[in-house]
Amino acid sequence: MRMILVGPPGAGKGTQAARLVDTYQIPHISTGDMLRAAVNEGTELGKCADGYMQRGELVPDSLVIAMVIERIGKADCASGFMLDGFPRTRPQAEALDQALQDANVALDAVVLISVPDEFIVKRITGRRCDPDTGEIYHLEFRPPPDDIQDRVIQRKDDTEEACLARLAKYHSETAPIIPFYRDQGILREVDGNAAPTDVTARITTALQ
Ligand code: ADP
Ligand code: ADP
Numbered sequence: 034m035r036m037i038l039v040g041p042p043g044a045g046k047g048t049q050a051a052r053l054v055d056t057y058q059i060p061h062i063s064t065g066d067m068l069r070a071a072v073n074e075g076t077e078l079g080k081c082a083d084g085y086m087q088r089g090e091l092v093p094d095s096l097v098i099a100m101v102i103e104r105i106g107k108a109d110c111a112s113g114f115m116l117d118g119f120p121r122t123r124p125q126a127e128a129l130d131q132a133l134q135d136a137n138v139a140l141d142a143v144v145l146i147s148v149p150d151e152f153i154v155k156r157i158t159g160r161r162c163d164p165d166t167g168e169i170y171h172l173e174f175r176p177p178p179d180d181i182q183d184r185v186i187q188r189k190d191d192t193e194e195a196c197l198a199r200l201a202k203y204h205s206e207t208a209p210i211i212p213f214y215r216d217q218g219i220l221r222e223v224d225g226n227a228a229p230t231d232v233t234a235r236i237t238t239a240l241q
């Protein structure tokens, strides 16, 4: 299964990917996680990406495309992958299509998780992550258990200001890739405004 999860910031892509990878036995490839790791390691890519990420802007296409093409060429992606947060622009979608064509493989599905804008800021500002396990929590919707409350962290870009910038970018840059995949007949739309278990069930049904 070669699939993409797309949706606005805070739609639940990371949450759903973590719940789905066991079912499909494919690697979860989050460009946000990869870029944050590059920033933490202080690589050239990380130094370049840091400012864009903190401002809620997109990291330039050329950097992200090269990073993803290299990643999906690795052996663990030979029979599939779940992309989360990529593609986010039309050039990224076209570069991915070209790379898959060159490898003689194709995407099976693109799952769009829709959540209305008015719920996004609350989801993003309440998000907390466990740096040890990568588990995603929310102060209200999925509070971290007592024993890890002291170690959960808030992402630097999970402020209201950066969130609104990301949401604007989602509408101007990412939403235009949706018709691209609809035209290919592989788009599956799922309402993400429900409990996480219900959203998972909707996605697995949509993928059948
Ligand atoms: P994305 O990867 O799309 O940015 P996340 O999976 O990180 O989104 O979720 C953003 C925040 O919203 C997290 O704090 C997460 O716990 C919470 N969340 C995810 N799915 C739901 C849901 N279905 N209902 C309520 N909160 C959710
Ligand atoms: P969210 O969970 O809120 O959707 P991500 O963790 O996916 O956010 O991404 C965090 C940031 O990393 C983005 O705001 C952007 O700066 C950068 N980023 C991630 N994926 C891409 C991409 N495909 N193209 C450009 N920038 C990206």
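In this note's numbering, the protein residues as written are 34 to 241. We put the beta carbon where it would ideally sit given N, CA and C, even for glycine.
Proximity test, residue i beta-carbon vs ligand 1 heavy atom, cut-off 8 Å
i: Q87; result: no
i: I157; result: yes
i: R69; result: no
i: R160; result: yes
i: F119; result: no
i: V232; result: yes
For residue i, three-class secondary structure by DSSP
i: F152; result: helix
i: D231; result: helix
i: L91; result: coil
i: R121; result: coil
i: I236; result: helix
i: R52; result: helix
Beta-carbon gap between residue i and residue j smaller than 9 Å
i: I186; j: P42; result: no
i: L116; j: I153; result: no
i: P149; j: N73; result: no
i: A198; j: K189; result: no
i: T237; j: L68; result: no
i: V144; j: A239; result: yes
i: I59; j: R123; result: no
i: D94; j: Q125; result: yes
i: T76; j: G118; result: no
i: M34; j: A111; result: no
i: P229; j: G45; result: yes
i: I98; j: L129; result: yes
i: I37; j: Y170; result: no
CB contact check: residue i to chain C, cutoff 9 Å
i: A126; result: Protein chain content of the structure displayed is limited to a single chain, and chain C is not contained in it.
N-terminal and C-terminal residue of the alpha helix (DSSP H) that residue i is part of
i: D66; result: T64 to E74
i: M34; result: Unbroken run through M34: none, as it is neither H nor E.
i: V97; result: D94 to I105
i: D117; result: Where D117 is concerned, there is no enclosing alpha helix (DSSP H), although the beta strand (DSSP E) it sits in stretches over F114 to D117.
i: D180; result: Element bounds for D180: n/a, residue is neither H nor E.
i: F213; result: I210 to D216
i: K189; result: Taken as a continuous stretch (DSSP letters only), K189 belongs to no alpha helix (DSSP H), as it is neither H nor E.
Unbroken beta strand (DSSP E) run spanning residue i, endpoints
i: Y170; result: I169 to H171
i: I146; result: A142 to S147
i: C162; result: R160 to C162
i: V223; result: L220 to D224
Proximal residues to residue i (C-beta, below 6 Å), its chain only, five neighbours per side dropped
i: D135; result: none
i: Y277; result: Nothing can be reported for residue 277: it is not among the residues displayed for the chain, which extend from 34 to 241.
Heavy atom of ligand 2 within 8 Å of residue i beta-carbon
i: A108; result: no
i: V97; result: yes
i: P41; result: yes
i: V223; result: no
i: G113; result: no
Residues near residue i by beta carbon distance below 7 Å, same chain, minus five either side
i: E222; result: L145 and S147
i: E193; result: V154 and T158
i: E206; result: L91, R121 and T122
i: I181; result: D163
i: D191; result: I157, T158 and R160
i: R88; result: A195 and A198
i: C81; result: L96
Own chain residues within Cβ distance below 8 Å of residue i, not counting five before or after
i: L78; result: L68, A71, L96 and M100
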